[in-house]
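All letters in the sequence shown, in the order written, are residues 16 to 219 by my numbering. Each residue gets a CB set at the ideal place from its N, CA and C atoms; glycine is no exception. Since this is a predicted model, take the numbers as computed values, not measurements. In what follows, a single structure is set out as C-alpha cells and then discussed.
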Amino acid sequence: MAEPITTLTDYAIALECLILAGLLLGQGGVQRLWAAAFTSVSGAALMGGIYHGFAHQMSLLQRIWLWQGMGIAVAIASFFTVVAAAMTLRRGRRRALLALATAKLALAIAAGFTLWGFALRVADYLSALLIVLLVQWLQRYRDPSAPVWLLAAIAFSGLGAIGLLIPWPGVSPLVVYHLVQMVALFCIYRSVAAKHQANAGVPG
Numbered sequence: 016m017a018e019p020i021t022t023l024t025d026y027a028i029a030l031e032c033l034i035l036a037g038l039l040l041g042q043g044g045v046q047r048l049w050a051a052a053f054t055s056v057s058g059a060a061l062m063g064g065i066y067h068g069f070a071h072q073m074s075l076l077q078r079i080w081l082w083q084g085m086g087i088a089v090a091i092a093s094f095f096t097v098v099a100a101a102m103t104l105r106r107g108r109r110r111a112l113l114a115l116a117t118a119k120l121a122l123a124i125a126a127g128f129t130l131w132g133f134a135l136r137v138a139d140y141l142s143a144l145l146i147v148l149l150v151q152w153l154q155r156y157r158d159p160s161a162p163v164w165l166l167a168a169i170a171f172s173g174l175g176a177i178g179l180l181i182p183w184p185g186v187s188p189l190v191v192y193h194l195v196q197m198v199a200l201f202c203i204y205r206s207v208a209a210k211h212q213a214n215a216g217v218p219g
C-alpha cells in the first residue's frame with residue numbers, strides 16, 4: 016500500500032457516508048436524494064482510497080479512469096445535493112433549480128477532462144453547498160439550525176482545502192484534509208436530518 020494512512024482515511028470517509036446515507040434513507044421523502052448524494056461521496060472516497068493505496072500497481076490508463084471516476088462521483092453528489100434542495104421549493108423555482116443542477120452536472124463531467132478538471136469539480140461541489148445554504152436560509156422558519164450546520168460544513172471544507180497548502184510534519188496534508196472533511200460531512204448531514212423537515216413534504 017503506497018499511502019496507508021491516506022488510504023485508510025479515504026475508506027473512513029466512505030464508511031461514514033454510507034452510514035449517514037443509511038440514516039437518511041430511513042427518513043424517506045427528500046432525504047432519499049440526500050442519501051444518494053452521500054452514497055456518491057462514499058463511492059468517490061472508496062475510489063480515492065484505491066487510487067492512493069494501489070495506483071502504483073495500475074497502468075496509466077487505469078489510473079486515469081479511476082481518477083475520472085472519482086470526479087464523476089463527486090459531480091453526481093453535487094447534482095443530487097441541488098436536486099434535494101430543489102424538491103423543497105415551489106414548482107417554478109423547483110424547475111429552474113433542476114435545470115441548473117442538470118447543467119452543472121454536464122459541465123462538471125465535461126470539465127473533468129480538462130487541465131483544470133479537479134479545481135472545477137471542487138468549485139462545482141462548493142457551489143452546490145452554497146445553493147443549498149441559500150435555500151435553507153430562505154426556509155429557516157422550518158429549522159433555524161439547518162443553515163447554521165451547513166455554514167459550519169462549508170467553513171470546515173474551506174479550512175480543509177487551505178490545509179492542503181500547509182506542510183504538516185510527519186503526516187500527509189491529505190490525511191488532515193480527510194479528517195476535516197469527515198467533520199464537514201457530518202455537519203451537512205445534521206443540516207438536513209431534522210425529522211420535521213423530512214416530513215414537510217413537497218410544495219405544489
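Around the beta-carbon of residue 164, 16 or more other beta-carbon atoms lie within 10 Å, marking it buried. Residue 66 counts as buried, since at least 16 other C-beta atoms from the protein chains shown sit within 10 angstroms of its C-beta.
The way I'd put it, the region 26 to 33 does touch the region 53 to 69; three or more beta-carbon pairs between them come closer than 8 Å.
Its chain contains 195 as the residues whose beta carbon lies nearer than 8 Å to that of residue 174, once the 5 sequence neighbours on both sides are disregarded; these appear in chain order. Non-local beta-carbon contacts of residue 162 in its own chain, meaning distances under 8 Å to residues more than five positions away in sequence, involve 148, 151, 152, 155, 206 in chain order. The continuous stretches of alpha helix (DSSP H) do not include residue 102, and DSSP gives it neither H nor E. Separation of residue 53 and residue 86 (C-alpha to C-alpha, rounded to the nearest whole angstrom) is 14 Å. Taking a C-beta distance under 8 Å as the contact criterion, residue 40 and residue 27 do not qualify as a contact pair. Annotation for residue 166: 148 place their beta carbon closer than 7 Å to its own, counting only its chain and skipping 5 residues before and after.
A residue is called buried when at least 16 other Cβ atoms come within 10 angstroms of its Cβ; residue 186 does not meet this threshold and is exposed. Annotation: the continuous alpha helix (DSSP H) that includes residue 67 extends over 46 to 69.
In the structure shown, residue 162 falls within a helical segment according to DSSP collapsed to helix, strand and coil. Contact between residue 169 and residue 144 is confirmed by a C-beta separation of about 5 Å, below the 8 Å threshold. The C-alpha of residue 94 lies about 10 Å from the C-alpha of residue 114.
For the pair of segments examined, the region 94 to 112 was found not to touch the region 64 to 83: the number of CB pairs separated by less than 8 Å stays below three. Burial is judged here by how many other beta carbons sit within 10 angstroms of a residue's own beta carbon; residue 146 has at least 16 and is buried. Bounds of the alpha helix (DSSP H) holding residue 207 are 188 to 207. In this structure, the CA atom of residue 179 is about 35 Å from the CA atom of residue 103. Residue 74 sits in coil when the DSSP states are folded into three classes, being neither helix nor strand.
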